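Asker:
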Amino acid sequence: MRKQGKHMQRLLRSVLALALALAMTTGAAAPVCAVTWADVNALKDEANSLDAEKAELQAQLDALADDKSQAVERKQLLDQQIANTEAQISNVQAQIDEYAALITQTEEELAEAEQQEEDQYELFCRRVRSMEKQDEVSYWAVLFRASSFTDLLGRLDAINEVMKYDQRVIDDLKALQAQIEEKKTTLETSKTESEAARSTLESKKSELNTQRNEANAIIRELTANESETEAVLADLEAEQDALWAEAQRLSDQLAAEQAAQGKPVQTNPGGYIWPVDSRYITSTVGGRASPGGIGSTNHKGTDIGRVGYTSSIYAAKSGTVIVSQYSSSYGNYVVISHGSGNTTLYAHMSSRKVEVGQYVSQGEVIGITGSTGNSTGPHLHFEVTENGVRVNPLNDGAEPKMGYLTGYTLSSSA
Ligand SMILES: [Zn+2]
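Using my numbering, the letters of the sequence shown map in sequence onto residues 105 to 518.
#1: Return the CA-CA distance between Ser517 and Tyr384, expressed in angstroms with no decimal places.
#2: Taking all protein chains shown into account, decide if Gly471 is buried (16 or more other Cβ within 10 angstroms of its Cβ) or exposed.
#3: The beta strand (DSSP E) with Gly471 in it runs from where to where?
#4: In the DSSP assignment, find the unbroken beta strand (DSSP E) run with Asp407 in it and report its ends.
#5: Under a three-way DSSP split, which group does Tyr512 fall into?
#6: Quick check on Thr510: buried or exposed, where buried means 16 or more other Cβ atoms within 10 Å of its Cβ?
#7: Which same chain residues end up closer than 6 Å to Ser415 when comparing Cβ atoms and leaving out the 5 residues on each side of it in sequence?
#8: Compute the beta-carbon to beta-carbon distance between Ser465 and Ser422, rounded to the nearest angstrom, for a pair I have assumed lies under 8 Å.
#9: Quick one, are the C-beta atoms of Lys457 and Thr327 less than 8 Å apart?
#10: Can you find a heavy atom of ligand 1 that lies under 7 Å from the Cβ of Gly405?
#11: Just list the residues that DSSP pairs Arg494 with in beta bridges.
#12: I'd like to know if the region 274–287 and the region 213–220 are in contact, where contact means that at least 3 CB-CB pairs between them fall below 8 Å.
#13: Once DSSP output is grouped into helix, strand and coil, what is the label at Gly374?
#14: Is His524 near ligand 1 - that is, is its Cβ less than 7 Å away from at least one heavy atom of it?
#15: Mapping the DSSP letters down to three states, classify Asn320 as helix, strand or coil.
#16: Between the C-alpha atoms of Leu305 and Glu341, what's the straight-line distance to the nearest angstrom?
#17: Return the chain-ordered list of same chain residues with a C-beta closer than 8 Å to the C-beta of Lys288, the five sequence neighbours on each side being excluded.
#18: Does the Cβ of Asp275 have 16 or more other Cβ atoms within 10 Å, making it buried, or fewer, making it exposed?
#19: Answer yes if the region 147–156 comes into contact with the region 334–351, meaning at least three C-beta pairs across the two stretches below 8 Å, and no otherwise.
#20: Is Glu387 near ligand 1, with its Cβ less than 7 Å from a heavy atom?
#21: Near Thr489, what residues of its chain come up, given a Cβ to Cβ distance below 6 Å and the 5 sequence neighbours on each side ignored?
#22: In whole angstroms, give me the CA-to-CA distance for Glu318 and Glu487.
#23: Report the residue from Gln271, Ala142, Gly481 and Gln185 whose alpha carbon sits nearest the alpha carbon of Arg316.
#24: So what's Ala518 in DSSP terms, helix, strand or just coil?
#25: In three-state DSSP terms, what is Gly507?
#26: Quick one: using the 10 Å Cβ neighbour count with 16 as the cut-off for buried, is Gly409 buried or exposed?
#27: Evaluate Leu168 with the Cβ neighbour count: other Cβ atoms within 10 Å of its Cβ, from every protein chain shown; 16 or more gives buried, anything less gives exposed.
#28: Quick check on Gly435: buried or exposed, where buried means 16 or more other Cβ atoms within 10 Å of its Cβ?
#29: Rounded to the nearest angstrom, how far is the Cβ of Pro389 from that of Arg494, given a contact under 8 Å?
#30: Which two residues bound the contiguous beta strand (DSSP E) that contains Gln429?
#31: Any idea what DSSP makes of Ala451, helix, strand or coil?
#32: Roughly how many whole angstroms lie between the Cα atoms of Asn320 and Gln180?
#33: I need the straight-line Cα distance from Ile322 to Glu177, nearest angstrom please.
#34: What's the call for Thr406, buried or exposed, on a 16-neighbour Cβ count within 10 Å?
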């Protein structure tokens, strides 16, 4: 914002200097034009010098827009990666849920098998007790009540048969339990693995989220920089507008002062006379192909040809010369102000015959035709503004306008 402050200071300085000069003008009766055209031009130069700063700011804005679109692209990529990771997480979560359900089911199977074993054992015990009660079987009875050795073996056989059967049942149940336990262990391992995978995905997602937040922060920062640069640019444009407005106001005031001295100024639009003796138009206001790749492709003026290098150029209207200088595009050129944003401009002159601040009557010679600046051959480039807007000075016949240029010939390429 330091830059803006500098601009405002400069603007204030310029306006104050001019206000002071004007106050001095008003105070002293003569000379009338203590505010000179040089002051007006200084203001205009200052306004023009801001163009470079504007271009620099625009370049900054373009660079910011590039950075921002890169950041937005990166953020979108991260969004995609996050969505993909979320899908993986929900897939792994579904697996975990499935394992958990299977584990619960296996635990039930195990409990059932354990219950069966217990029941079987209980059954076995009851049978042995009942056999004991009936005195049919007892280890003691077998050992001490056998009437003979054969009897003992018989009793042992009977007891063994029962025991063997029960033992088989119990062994089977134990094997089943072991199988179920193994299945449960496998499921638990899988579940643990899935949980580890989920935790890896969760941390990946959190990393991606961090990156996305960073990208968003960059986008916010770039947007803020953009707004700030745009604000500076807007201030600069406002400053430029103020300088132009002030220059215009002074220009009008000086024209009025000259009119008061008996130098008539035609402030009404129109009323132009031909600025050269030729009536041969090679280019009109508007679009045209750039001749030989040189010159503007959107033509802002009227080109009058067949003038050579020695023809006189006349003021199309009376007024005050506000520009008489050389530029790389216009070459030697002159601008006459007729007040109220009405100006005429004459470019590519071989020489200029008037100075800034000079009052010229309509038809007065202001320069000699030529081909200086951005020009491919001798011609007069003639521009007219009315209310500060470029207009076509030719009476094209569609709607006859009083005091516009008539009786011309258009070249086939115009
Ligand atoms: Zn031209």
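Note that beta-carbon positions come from the ideal geometry of N, C-alpha and C, so glycine has one too. Remember, predicted model here, so these are calculated numbers, not experimental data.
Answerer: This is what the structure holds:
#1: Position 413 of the sequence shown, counting from 1, holds the residue named residue 517. Position 280 of the sequence shown, counting from 1, holds the residue named residue 384. Going from the Cα of Ser517 to the Cα of Tyr384 covers about 12 Å.
#2: For the purposes of this step, residue 471 is taken as the residue at position 367 of the sequence shown. Gly471 should be labelled buried.
#3: Taking the first residue of the sequence shown as position 1, residue 471 is located at position 367. From DSSP, the beta strand (DSSP E) with Gly471 extends over Val469 to Ile472.
#4: By 1-based counting over the sequence shown, the position of residue 407 is 303. Residues Thr406 to Ile408.
#5: Counting from one through the sequence shown, the residue named residue 512 turns up at place 408. Coil.
#6: Locating residue 510 in the sequence shown gives position 406, counting from the first residue. The Cβ neighbour count for Thr510, taken over all protein chains shown within 10 Å, is under 16; the residue is labelled exposed.
#7: The residue labelled residue 415 in the question sits at position 311 within the sequence shown. Here the set comprises Val380 and Thr473.
#8: Position 361 of the sequence shown holds residue 465. Position 318 of the sequence shown holds residue 422. Contact between Ser465 and Ser422 holds: their C-beta atoms lie close to 5 Å from each other, under 8 Å.
#9: Stepping through the sequence shown from its first residue, residue 457 is reached at position 353. Stepping through the sequence shown from its first residue, residue 327 is reached at position 223. The Cβ atoms of Lys457 and Thr327 lie no closer than 8 Å to each other.
#10: Within the sequence shown, residue 405 is the residue found at index 301, counting from 1. It does: the Cβ of Gly405 is within 7 Å (strictly closer) of some heavy atom of ligand 1.
#11: By 1-based counting over the sequence shown, the position of residue 494 is 390. Arg494 pairs with Thr489.
#12: Cβ pair count under 8 Å is three or more, so yes.
#13: Residue mapping note: residue 374 aligns to position 270 of the sequence shown, counting from 1. Under the three-state reduction of DSSP output, Gly374 falls in the coil class, being neither helix nor strand.
#14: Here the chain has residues from 105 to 518 only, and residue 524 is not among them.
#15: Sequence index remark: in the sequence shown, residue 320 carries index 216 (1-based). If DSSP states are grouped into helix, strand and coil, Asn320 belongs with the helices.
#16: Numbered from 1 along the sequence shown, position 201 holds the residue referred to as residue 305. Numbered from 1 along the sequence shown, position 237 holds the residue referred to as residue 341. So the two alpha carbons sit approximately 53 Å from each other.
#17: Looking up residue 288 in the sequence shown gives position 184. Correct list, in chain order: Ile207, Thr210, Glu211 and Leu214.
#18: The residue labelled residue 275 in the question sits at position 171 within the sequence shown. Counting the other Cβ atoms within 10 Å of the Cβ of Asp275 gives fewer than 16, which makes it exposed.
#19: Yes, the region 334–351 is in contact with the region 147–156.
#20: The residue you call residue 387 lines up with position 283 of the sequence shown. Per the sequence shown, residue 387 should be read as Ser rather than Glu. The answer is yes for Ser387.
#21: For the purposes of this step, residue 489 is taken as residue 385 along the sequence shown, with counting starting at 1. If we look at Thr489 and ignore the five residues flanking it on each side, its Cβ neighbours are Thr447.
#22: As a working note, residue 318 is residue 214 in the sequence shown. As a working note, residue 487 is residue 383 in the sequence shown. It is roughly 55 Å from the alpha-carbon of Glu318 to the alpha-carbon of Glu487.
#23: Mapped onto the sequence shown, residue 316 falls at position 212. For the set Gln271, Ala142, Gly481 and Gln185, the Cα lying nearest the Cα of Arg316 is the one of Gln185.
#24: Here the question's residue 518 lines up with position 414 in the sequence shown. If DSSP states are grouped into helix, strand and coil, Ala518 belongs with coil.
#25: As a first step, residue 507 is located in the sequence shown; it is residue number 403 there, counting from the start. It is coil, neither helix nor strand.
#26: Mapped onto the sequence shown, residue 409 falls at position 305. Gly409 counts as buried, since at least 16 other C-beta atoms from the protein chains shown sit within 10 angstroms of its C-beta.
#27: Here residue 168 refers to the residue found at position 64 of the sequence shown. Buried, because 16 or more other Cβ atoms sit within 10 Å of the Cβ of Leu168.
#28: On the sequence shown, position 331 is the one that residue 435 refers to. Buried, because 16 or more other Cβ atoms sit within 10 Å of the Cβ of Gly435.
#29: Position 285 of the sequence shown, counting from 1, holds the residue named residue 389. Position 390 of the sequence shown, counting from 1, holds the residue named residue 494. This sequence places Val at residue 389; Pro is not what is there. Between Val389 and Arg494, the beta carbon gap of about 7 Å places them in contact (Cβ cut-off 8 Å).
#30: Working through the sequence shown from its first residue, we reach residue 429 at position 325. Going by DSSP, Gln429 is part of the beta strand (DSSP E) stretching over Gly423 to Ser431.
#31: As a working note, residue 451 is residue 347 in the sequence shown. Note: Ala451 maps to strand in three-state DSSP.
#32: On the sequence shown, position 216 is the one that residue 320 refers to. On the sequence shown, position 76 is the one that residue 180 refers to. Distance from the CA atom of Asn320 to the CA atom of Gln180, rounded to whole angstroms, is 10 Å.
#33: Mapped onto the sequence shown, residue 322 falls at position 218. Mapped onto the sequence shown, residue 177 falls at position 73. Answer to the nearest angstrom: the Cα atoms are 12 Å apart.
#34: On the sequence shown, position 302 is the one that residue 406 refers to. So Thr406 counts as buried.
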